[in-house]
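Peer 1: Residue numbers (my numbering): 220 to 414. We put the CB at the ideal spot given by N, CA and C, even for glycine. Sharing a structure below in structure tokens format, with a few things to ask.
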């Protein structure tokens, strides 16, 4: 599986004059322009950065058909094409079917005050390091003095009090759920790492 850089996706959206993906048809236009097998579309459904943070996220996987893949559009051609043509040429966005739906989805509202979410956050944060300040661990003093964590159990807490890190965790959690949903759809068993 290859993942396209964000700047390439943004360039394609700009070339298609799509400020956002508002419908499945927009998603298919973008997929065809990029020449990809599928697109994951994410929507933030809730966002509360105050302690304890909460994030709602929905991910949808759209799969392109073989017919659409064969009609991939070169972004450079699209950017240099004349405007004002009202009749769609073969392979243009006007030919995308309107009955498109995601093949797999995952959604959740993750609240850091939930004990199950906190436990999964601890597992996710363990060994990730690199986020601790080196000289002045203010976050550790706050976590310990507020009784939220023991002196040796504060790595995960930074993920709870830093919204960027908590959002990173939520994104990883939902991506895992989307992969599981897609595995079930395809009838694949989950592989164990190292096997």
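#1: Looking at the structure shown, is residue 281 part of a helix, part of a strand, or coil, going by DSSP?
#2: Which residue marks the beginning of the alpha helix (DSSP H) containing residue 245, and which one marks its end?
#3: Start and end of the beta strand (DSSP E) containing residue 329?
#4: Compute the Euclidean distance between the alpha carbons of residue 278 and residue 384, then round it to the nearest angstrom.
#5: What separation, rounded to the nearest whole angstrom, lies between the Cα atoms of residue 268 and residue 382?
#6: Can you tell me where the beta strand (DSSP E) holding residue 265 begins and where it ends?
#7: Go to residue 334, then tell me how far its alpha helix (DSSP H) extends in each direction, as first and last residue.
#8: Could you give the DSSP three-state label for residue 222: helix, strand or coil?
#9: Once the 5 residues before and after residue 420 are set aside, which same chain residues still bring their CB inside 6 Å of it?
#10: Residue 271 and residue 330 - do their beta-carbons sit closer together than 8 Å?
#11: Which term fits residue 255, buried or exposed, when burial requires 16 or more other beta carbons within 10 angstroms of its beta carbon?
#12: Span of the alpha helix (DSSP H) holding residue 398?
#13: Identify whether residue 377 lies in helix, strand or coil by the three-state DSSP scheme.
#14: Report the CB separation of residue 375 from residue 341 in whole angstroms; it is logged as a contact under 8 Å.
#15: Can residue 281 and residue 325 be called in contact, C-beta distance under 8 Å?
#16: Given residue 322, which residues of its chain have a CB within under 6 Å of its CB, disregarding the five upstream and five downstream residues?
#17: What's the gap between the Cα of residue 233 and the Cα of residue 387?
#18: Below 6 Å CB to CB, which residues in the same chain sit around residue 337 once its five sequence neighbours on both sides are set aside?
#19: Rounding to the nearest angstrom, what Cα-Cα distance links residue 243 and residue 258 in this structure?
#20: Look at the alpha carbon of residue 252 and the alpha carbon of residue 332, and state the distance between them as a whole number of angstroms.
Peer 2: With the structure as the only source:
#1: Start at 1 with the first residue of the chain shown, and residue 281 comes out as number 62. If DSSP states are grouped into helix, strand and coil, residue 281 belongs with the strands.
#2: Translated into the one-based positions of the chain shown, residue 245 becomes position 26. Boundaries of the alpha helix (DSSP H) harbouring residue 245: 243-253, taken from the DSSP string.
#3: In the chain shown, the residue the question calls residue 329 occupies position 110. Unbroken beta strand (DSSP E) run through residue 329: 323-330.
#4: What you label residue 278 is simply residue 59 of the chain shown in a count that begins at 1. What you label residue 384 is simply residue 165 of the chain shown in a count that begins at 1. One C-alpha to the other measures close to 19 Å.
#5: As a working note, residue 268 is residue 49 in the chain shown. As a working note, residue 382 is residue 163 in the chain shown. Inter-residue distance for residue 268 and residue 382 is about 6 Å (C-alpha atoms, whole angstroms).
#6: Along the chain shown, one-based indexing puts residue 265 at 46. In the DSSP assignment, residue 265 falls within the beta strand (DSSP E) that extends over 257-267.
#7: Numbered from 1 along the chain shown, position 115 holds the residue referred to as residue 334. For residue 334, the enclosing alpha helix (DSSP H) covers residues 334-344.
#8: Counting from 1 along the chain shown, the entry for residue 222 is found at position 3. Residue 222 falls in the coil class under three-state DSSP.
#9: Missing from the structure shown is residue 420; the chain here goes from 220 to 414 and no further.
#10: Start at 1 with the first residue of the chain shown, and residue 330 comes out as number 111. Start at 1 with the first residue of the chain shown, and residue 271 comes out as number 52. Result yes, Cβ atoms of residue 330 and residue 271 sit closer than 8 Å.
#11: If you number the chain shown from 1, residue 255 lands on position 36. Answer is buried; the Cβ neighbour count reaches 16.
#12: Position 179 of the chain shown holds residue 398. Taken as a continuous stretch (DSSP letters only), the alpha helix (DSSP H) holding residue 398 covers 382-405.
#13: Locating residue 377 in the chain shown gives position 158, counting from the first residue. Residue 377: helix per DSSP, three-state reduction.
#14: As a first step, residue 375 is located in the chain shown; it is residue number 156 there, counting from the start. As a first step, residue 341 is located in the chain shown; it is residue number 122 there, counting from the start. Yes, residue 375 and residue 341 are in contact; Cβ-Cβ is about 4 Å, under 8 Å.
#15: For the purposes of this step, residue 281 is identified with residue 62 of the chain shown, where counting begins at 1. For the purposes of this step, residue 325 is identified with residue 106 of the chain shown, where counting begins at 1. No. Outside cutoff.
#16: Within the chain shown, residue 322 is the residue found at index 103, counting from 1. Within the same chain, Cβ atoms closer than 6 Å to the Cβ of residue 322 are found at 280 and 282, the five residues on either side in sequence being excluded.
#17: Here residue 233 corresponds to residue number 14 of the chain shown, with the count starting at 1. Here residue 387 corresponds to residue number 168 of the chain shown, with the count starting at 1. Rounded to the nearest angstrom, the two C-alpha atoms are 26 Å apart.
#18: The count along the chain shown starts at 1 and reaches residue 337 at position 118. So no residue of the chain qualifies.
#19: By 1-based counting over the chain shown, the position of residue 243 is 24. By 1-based counting over the chain shown, the position of residue 258 is 39. If I take the Cα positions, the gap works out to 11 Å.
#20: Taking the chain shown and counting its residues from 1, the one referred to as residue 252 is at position 33. Taking the chain shown and counting its residues from 1, the one referred to as residue 332 is at position 113. For the pair residue 252 and residue 332, the Cα-to-Cα distance works out to about 42 Å.
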